[in-house]
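Student:
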Amino acid sequence: MSDQTRFILNESDLPKFWYNINADSPVPPSPVLHPGTLEPVTPDFLSVLFPMDLILQVISTERYIEIPEEVREIYRLYRPTPLLRARRLEKALDTPAHIYYKYEGASPAGSHKPNTAIAQAFYNKKAEIKTLTTETGAGQWGSALAMACNFFGIEVEVYMVRVSYNQKPYRRVLMETYGAQVYASPSDRTNYGLSLLAENPDHPGSLGIAISEAVEAAATSNGAKKYGIGSVFDFVLLHQTVIGEESLKQMDMAGEYPDVVISCVGGGSNFAGIAFPFLRENLKNGKRTRLLAVEPTAAPSLTKGVYTFDFGDTARMAPIVKMHTLGHDFIPPAIHAGGLRYHGMAPSICALYDAGHIEAVAVRQKATFDAAIQFARAEGLVPAPESAHGIRAAIDEALDAKAKGEKRVILFNLSGHGHFDLAAYESYLSGKLEDYDYPEEAVNEAMAKLPEVSFPA
Ligand SMILES: *Cc1c(COP(=O)(O)O)cnc(C)c1O
């Protein structure tokens, strides 16, 4: 069918395995360091936060890790997700490029995040954990984990960045609908939160602070609670690879293979999810797909950050990892893409970027919303502000192909829908959207506070 637009897999095509990049990555992983001793962590330290099954996935070098049937059963509620060819956008751009997108907004929570939330809830249930703690920025991760924990009968405590808690009441209501307890962060439930509130009772919070509170709540629970993480950690990236595995089959149905695979990066999980299976094809099967990560100019950790060891959170309680960082003290400007406001990046993505296997670009908020509106008017779908960063880059690729008269095959991941982000669209449409440069001064200040790690010497 030459005008086919949707490429739909059968339930029987639901992946049975997650793909572990550590089996094929040409760059060895750096050690994860203890935030207190600055020495490599033992599984004991991580086991305060995570069940052993997840820790074993982080250190595994098996190429394929079987997806438990209990997890696949819930995946079937929304997977395989559709892949579409954006024919109307191609026409609007008058480009010879073919543009495809994988639509992860088709999950019940509206983003790719349930792919790992369901797995984490399952392994915690298996370890007989009754409560998970977590942070959420814009609310996407909190609602995914709330949904997943509800399915497995686990309670969830969500520390939600205070500005979002106030500005996005409906995300909070969605989490509560699934049964979660949601607290504005900084909160009075942790020592760290109390110390910040003593300084400033109206503290707006940040993702780094909310992570610290969720980690403290789990670490001080005497083993009763563990911590759920929405991005950055290797097991999260692993769980997201169902996106790329399905996309490979769907591109095959379309009879094409992508020249470039694009997605937005916050902590890097949805990008890894679509890109790592294509990277495997590059590394093992001689394919030459470019892999392009797209970040906001307001928090450009790959394109502007330094590749060094830094804390994963603001209170310096989370492990130290080697990554492209803007400094754990850096609080990014309040862009609408809350999921992209993180000071660091998944270490495995950083290592691959450093070695030249991945490309990165930073785009501005205004240009991102220009792309979001153009996409919504051409294709009908209103993207999450995070996803719109990938759309900006995909459109720029298509325009570049047009300028060069090339037929380029572009695949991007549409990580979520924007139905809870209409306030952001309102500010764009009323001409009030702020644009942000690279916040160089704030980054320089934060970079002065990096930990002095002598390992490895
Ligand atoms: C959380 C989120 C992101 C960013 O997180 P990654 O781990 O980098 O994928 C991107 N898009 C959406 C819709 C999100 O909810």
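Converting from the sequence shown to my numbering requires adding 127 to each position, the first position being numbered 1. By construction, the Cβ of each residue, glycine as well, lies at the ideal position given by its N, Cα and C atoms. Here the structure is a predicted model, which is why all the values come from computation and not from measurement.
Quick one: complete beta strand (DSSP E) runs, 3+ long, within the stretch 162 to 223?
Tutor: Whole beta strand (DSSP E) segments, 3+ residues: 191 to 193, 210 to 212.
Student: In chain order, what residues of the same chain lie with their CB nearer than 6 Å to the CB of S234, ignoring the 5 residues before and after it?
Tutor: The residues are Y205, P241.
Student: Are the stretch 515 to 522 and the stretch 480 to 495 touching by the rule of at least three beta carbon pairs closer than 8 Å?
Tutor: Touching, per the Cβ criterion.
Student: Quick one: give me the first and last residue of the beta strand (DSSP E) that S312 is part of.
Tutor: Looking at the DSSP string, the run of the beta strand (DSSP E) that includes S312 is 308 to 312.
Student: Return yes when the Cβ of P404 is within less than 8 Å of the Cβ of T368, no when it is not.
Tutor: In contact: T368 and P404 (Cβ atoms closer than 8 Å).
Student: Pull the bridge partners of V421 from the DSSP assignment, please.
Tutor: In DSSP, V421 forms a bridge with C391, V488.
Student: Less than 8 Å between the C-beta atoms of A525 and T222, yes or no?
Tutor: Against a cut-off of 8 Å, the Cβ pair of T222 and A525 comes out as a contact.
Student: Could you round the C-beta distance between V580 and I447 to whole angstroms and report it? I think they count as a contact, below 8 Å.
Tutor: 7 Å between Cβ atoms; contact.
Student: Per the contact definition of three or more C-beta pairs closer than 8 Å, is the stretch 298 to 313 in contact with the stretch 262 to 276?
Tutor: In short, these stretches touch, since the Cβ pair count reaches three.
Student: Report whether the distance from the Cβ of K295 to the nearest heavy atom of ligand 1 is below 7 Å.
Tutor: No; taking the cut-off as 7 Å, the Cβ of K295 has no heavy atom of ligand 1 nearer than that.
Student: What's the C-alpha gap between V509 and R212?
Tutor: C-alpha separation (whole angstroms): 16 Å.
Student: State whether the stretch 464 to 473 contacts the stretch 414 to 429, with contact taken as three or more CB pairs (one from each stretch) at a distance under 8 Å.
Tutor: The answer is yes - the stretch 414 to 429 touches the stretch 464 to 473, with three or more Cβ pairs under 8 Å.
Student: For S234, verify whether its CB is less than 7 Å away from any heavy atom of ligand 1.
Tutor: No, the Cβ of S234 stays beyond 7 Å of every heavy atom of ligand 1.
Student: Can you name, in chain order, every residue of its own chain whose Cβ lies under 7 Å from the Cβ of S238, other than the five neighbours on each side?
Tutor: Excluding positions up to five away in sequence, the list reads E231, G232, Q267, A271, A511, S542, G543.
Student: Identify the continuous alpha helix (DSSP H) that holds M472 and give its terminal residues.
Tutor: Counting along the chain, M472 falls outside any alpha helix (DSSP H), and DSSP gives it neither H nor E.
Student: On the criterion of 16 or more Cβ atoms from any shown chain inside 10 Å, does M444 qualify as buried, or is it exposed?
Tutor: Its Cβ being crowded by 16 or more others within 10 Å, M444 is buried.
Student: Could you check if F398 belongs to the surroundings of ligand 1, using beta carbon to heavy atom distance under 7 Å?
Tutor: Under cutoff, so the answer is yes.
Student: Taking the C-alpha atoms as reference points, what is the distance between G400 and L365?
Tutor: Going by the C-alpha atoms only, they are around 7 Å apart.
Student: In this structure, how does DSSP classify H330 when only helix, strand and coil are distinguished?
Tutor: Coil.
Student: Would you say the beta carbon of S240 comes nearer than 7 Å to a heavy atom of ligand 1?
Tutor: According to the sequence provided, residue 240 is Lys. The question's Ser does not apply to it. For ligand 1, at least one heavy atom lies less than 7 Å from the Cβ of K240.
Student: So, are the CB atoms of M380 and Y227 less than 8 Å apart?
Tutor: Their beta carbons are not under 8 Å apart, which means M380 does not touch Y227 by this criterion.
Student: Using only the heavy atoms of ligand 1, determine whether one of them is closer than 7 Å to the beta carbon of E262.
Tutor: No, since every heavy atom of ligand 1 falls outside the 7 Å radius drawn around the Cβ of E262.
Student: Taking only the alpha-carbon atoms, compute the straight-line gap between V285 and G306 and give it to the nearest angstrom.
Tutor: Taking the straight line from one Cα to the other gives about 11 Å.
Student: Would M595 be called buried (16 or more neighbouring beta carbons within 10 Å of its own) or exposed?
Tutor: For the chain, the structure presents residues 128 to 584; residue 595 sits outside this window and is missing.
Student: Can you name the start and end residues of the alpha helix (DSSP H) that G401 belongs to?
Tutor: For the record, residue 401 in the displayed sequence is Ile; it is not Gly. Note, I401: alpha helix (DSSP H), 396 to 412.
Student: If we ignore side chains and look at the alpha-carbon of each, how far apart do N409 and R415 end up?
Tutor: So the two alpha carbons sit approximately 5 Å from each other.
Student: Between the Cα of P385 and those of E533, C391, I537, spot the shortest distance and give me the residue it belongs to.
Tutor: Selected option, being the one with the closest Cα: I537.
Student: Would you say G269 touches ligand 1, meaning its beta carbon is less than 7 Å from a heavy atom?
Tutor: Every heavy atom of ligand 1 is 7 Å or more from the Cβ of G269, so no.
Student: Kindly identify the DSSP beta-bridge partner or partners of R133.
Tutor: L211.
Student: What residue range is occupied by the uninterrupted beta strand (DSSP E) comprising V448?
Tutor: Where V448 is concerned, the enclosing beta strand (DSSP E) stretches over 447 to 452.
Student: Give the straight-line distance between the Cα atoms of I338 and A473, rounded to the nearest whole angstrom.
Tutor: If you take the alpha carbons of I338 and A473, they lie about 15 Å apart.
Student: Ignoring anything shorter than 3 residues, give me the beta strand (DSSP E) runs that lie fully in the stretch 233 to 268, in order along the chain.
Tutor: Here the runs fully enclosed are 258 to 263.
Student: Nearest-angstrom Cα distance between P178 and E166?
Tutor: For P178 and E166, the distance between alpha carbons rounds to 21 Å.
Student: Strictly by DSSP, which residues pair up with K353?
Tutor: According to DSSP, K353 bridges with L259.
Student: Taking all protein chains shown into account, decide if I135 is buried (16 or more other Cβ within 10 angstroms of its Cβ) or exposed.
Tutor: Exposed.
Student: Relative to ligand 1, is the shortest distance from any of its heavy atoms to the C-beta of E513 smaller than 7 Å?
Tutor: Because some heavy atom of ligand 1 lies under 7 Å away, the Cβ of E513 counts as near it: yes.
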